[in-house]
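Undergrad: Numbering (the working numbering), first residue to last: 55 to 372.
Glycine is no exception: its CB is placed at the ideal position from the N, C-alpha and C atoms.
Nothing here was measured: the structure is a model prediction, and the numbers come from that model.
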Amino acid sequence: MPAVSLVEKNVVDSGTGISDRIRNKTRCSFVTFLEGKNRGYADGVLAIARSLRQHNSAFHLVVATTPTVPDELAKELASEPNVRVRPIEWLDLPKSFEEAGEKIFANKQFIANFSKLRMWEFCDEYDKLVYLDADTLPMQNIDDMFLAPHFSGVLDNMTPDAAFSSEKFQVPSFLPRASLSCSRAYFNAGVFVFEPSLEELAAMKEALRTYPVTRFAEQDFLNDFFKGRWNMLPLSFNWGKPNFWLCPELCRSEAIKVVHFSGAVKPWLRQADGQWSNSVLERAIPEERILLQDGKNGLTWAHEKWWSSFRFEAHSAS
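(1) For S307, I'd like the list of residues in its chain whose CB is within less than 8 Å of its CB, leaving aside the five on either flank, ordered along the chain.
(2) Buried or exposed for F364, going by 16 or more other Cβ atoms inside 10 Å?
(3) Report yes or no: is there a C-beta of chain D within less than 7 Å of the C-beta of L276?
(4) Rounded to whole angstroms, what is the Cα-Cα separation between D198 and C305?
(5) Quick one: what's got a C-beta closer than 6 Å to I158's C-beta in the same chain, skipping five residues either side?
(6) Since V245 and L186 are thought to touch, with beta carbons under 8 Å apart, how far apart are those beta carbons, to the nearest angstrom?
(7) Tell whether a beta-carbon distance below 7 Å holds between N167 and D210.
(8) Between which two residues does the beta strand (DSSP E) containing A103 stretch?
(9) For W293 and H314, I'd like the C-alpha separation in whole angstroms.
(10) Between the Cα of K359 and those of Y180, R104, G94, spot the shortest distance and give me the residue it belongs to.
(11) I need the straight-line Cα distance from F176 to K350, nearest angstrom please.
(12) Could you tell me whether the stretch 245-264 touches the stretch 320-337, where touching means 3 or more Cβ pairs closer than 8 Å?
(13) If you draw a straight line from the alpha carbon of D178 to that of V184, how long is it in whole angstroms?
(14) Hey, out of F113, D181, G90, N110, whose CA is closest to I409's CA?
(15) Here's a check: name, in chain order, each residue in its chain whose Cβ is nearer than 7 Å to the Cβ of V139, leaving out the five neighbours to either side.
(16) Cβ atoms of V334 and L323: under 7 Å apart, would you say?
(17) Determine the burial state of A202: buried for a count of at least 16 other Cβ atoms within 10 Å of its Cβ, exposed for fewer.
(18) By alpha-carbon positions, which one of M286, A338, F279, F275 ends up nearest to F151?
(19) Relative to the alpha-carbon of N110, which residue among I339, F87, K182, N136 has its alpha-carbon at the smallest distance?
(20) With distances taken between CB atoms, is the gap from G98 to A188 smaller than 7 Å?
(21) Tell me the DSSP secondary structure of M193 in three-state form.
(22) Determine, using beta carbons only, whether F16 and F248 come nearer to each other than 7 Å.
(23) Using 7 Å as the threshold, is the C-beta distance between E253 and W174 below it?
(24) Considering only C-alpha positions, which residue in the set L191, L145, E156, V85 is nearest to S169?
(25) Secondary structure at L145, three-state DSSP: helix, strand or coil?
(26) Please confirm whether F291 and V319 have their CB atoms less than 7 Å apart.
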């Protein structure tokens, strides 16, 4: 199954080199979100930044940091040559979110994720942004994502089933559509392409006033807000970790663009010797634990890629 480039498949080159057309997009950037003092997620941000450099991306990485991120940590991130730290304030939410959120959210920390919407304020500097969760990793150059329209996302494939075929994995759709016919037209908010806008942010804030508290917080909200009007990208641009044991036949290294290390076991929890401690293995679900202990599979490859990126020119962050 050969890799299919979004550019090769969807963009008609009319005399201007495709790579030049991407690189000429000066008001574009990758962006991620960091909340709190968690060293692991900060290392995730560093791995993303270094992977972008490792794969010769033409764009930098903006890190949206909440007030809980320590100054020293923000300075460390900003020392990366392709990173720009941009502090954001908490997003005001209805009281019902704080009152019921801890009981309803799948993770009580999810309430902080609504502040990601502050990234829509970045329209003062950027026309288009590609968002990457701090626990994702670009596996190759993904600059062609900036050719995708607003708003583009990837079907939630954290728990794939028979509906997720190799065709959906491989063939992208770059044309905006009025509606989505797929019965599971729900995207994962770990990777998406958007055009920041104060007008759209205002509409989101208004919608939040009456929005119910739901398990997956801002992901559910964004799906509701963009229902029927988002563009579907191929699964390879947000390859959920469970796919490594649920559909290993699709885990082709040359085709996977971005891996999303969802769940409790993150790459940065691996020991220096490449092994996993018993305490970490206990957090893994049984299928994942088998792959972690086996050490010879696609998930191991993804973890090795994460560590390779994290160590890439690590001295530049010192």
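TA: On the basis of the data shown:
(1) By 1-based counting over the sequence shown, the position of residue 307 is 253. These residues qualify, in order along the chain: M193, G352, W355.
(2) As a working note, residue 364 is residue 310 in the sequence shown. Classification for F364: buried.
(3) Absence of chain D from the displayed structure is noted, only one protein chain being present.
(4) Along the sequence shown, read from residue 1 onward, the residue named residue 198 stands at position 144. Along the sequence shown, read from residue 1 onward, the residue named residue 305 stands at position 251. Straight-line Cα distance between these residues: approximately 21 Å.
(5) To locate residue 158, count along the sequence shown from 1; it is residue 104. The residues V267, in chain order, have a CB closer than 6 Å to that of I158 in the same chain once the five nearest residues on each side in sequence are set aside.
(6) For this step, residue 245 is matched to residue 191 along the sequence shown. For this step, residue 186 is matched to residue 132 along the sequence shown. Confirmed, about 6 Å.
(7) The sequence position of residue 167 within the sequence shown is 113, counting from 1. The sequence position of residue 210 within the sequence shown is 156, counting from 1. Judged by beta-carbon spacing, D210 lies beyond the 7 Å limit of N167, meaning their Cβ atoms are not closer than that value.
(8) Against the sequence shown, residue 103 aligns to sequence position 49. Not the beta strand (DSSP E): A103 falls in the alpha helix (DSSP H), residues 93-108.
(9) Indexing the sequence shown from 1 puts residue 293 at position 239. Indexing the sequence shown from 1 puts residue 314 at position 260. For W293 and H314, the distance between alpha carbons rounds to 6 Å.
(10) Sequence index remark: in the sequence shown, residue 359 carries index 305 (1-based). Of Y180, R104, G94, the smallest CA-CA separation from K359 is found for R104.
(11) The residue given as residue 176 occupies position 122 in the sequence shown. The residue given as residue 350 occupies position 296 in the sequence shown. Taking the straight line from one Cα to the other gives about 42 Å.
(12) Because the criterion of three Cβ pairs below 8 Å is not met, the stretch 245-264 and the stretch 320-337 do not touch.
(13) Here residue 178 refers to the residue found at position 124 when the sequence shown is read from its first residue. Here residue 184 refers to the residue found at position 130 when the sequence shown is read from its first residue. For D178 and V184, the gap between their C-alpha atoms comes out near 16 Å.
(14) Nothing can be reported for residue 409: it is not among the residues displayed for the chain, which extend from 55 to 372.
(15) Counted from its first residue, the sequence shown places residue 139 at position 85. The residues are V117, T119, A128, L131, A132.
(16) Residue 323 sits at position 269 when you count from the first residue of the sequence shown. Residue 334 sits at position 280 when you count from the first residue of the sequence shown. In terms of Cβ geometry, L323 and V334 form a close pair [threshold 7 Å].
(17) Residue numbering aside, residue 202 sits at position 148 when the sequence shown is read from its first letter. Flag for A202 reads buried.
(18) For the purposes of this step, residue 151 is identified with residue 97 of the sequence shown, where counting begins at 1. Nearest neighbour of F151 by Cα position, chosen from M286, A338, F279, F275, turns out to be F275.
(19) Counting from 1 along the sequence shown, the entry for residue 110 is found at position 56. Looking only at I339, F87, K182, N136, the smallest Cα-Cα distance to N110 is reached by N136.
(20) Residue 98 sits at position 44 when you count from the first residue of the sequence shown. Residue 188 sits at position 134 when you count from the first residue of the sequence shown. Yes. Within cutoff.
(21) By 1-based counting over the sequence shown, the position of residue 193 is 139. Correct three-state label for M193: coil.
(22) One cannot answer for residue 16 here, as it falls past the ends of the chain, which runs 55 to 372.
(23) Sequence index remark: in the sequence shown, residue 253 carries index 199 (1-based). Sequence index remark: in the sequence shown, residue 174 carries index 120 (1-based). No, the Cβ-Cβ distance between E253 and W174 is not below 7 Å.
(24) Start at 1 with the first residue of the sequence shown, and residue 169 comes out as number 115. Among L191, L145, E156, V85, the Cα nearest to that of S169 is on L145.
(25) On the sequence shown, position 91 is the one that residue 145 refers to. Per DSSP, reduced to three states, the secondary structure at L145 is coil, with no helix or strand assignment.
(26) For the purposes of this step, residue 291 is taken as the residue at position 237 of the sequence shown. For the purposes of this step, residue 319 is taken as the residue at position 265 of the sequence shown. No, these two residues do not count as a Cβ contact at 7 Å.
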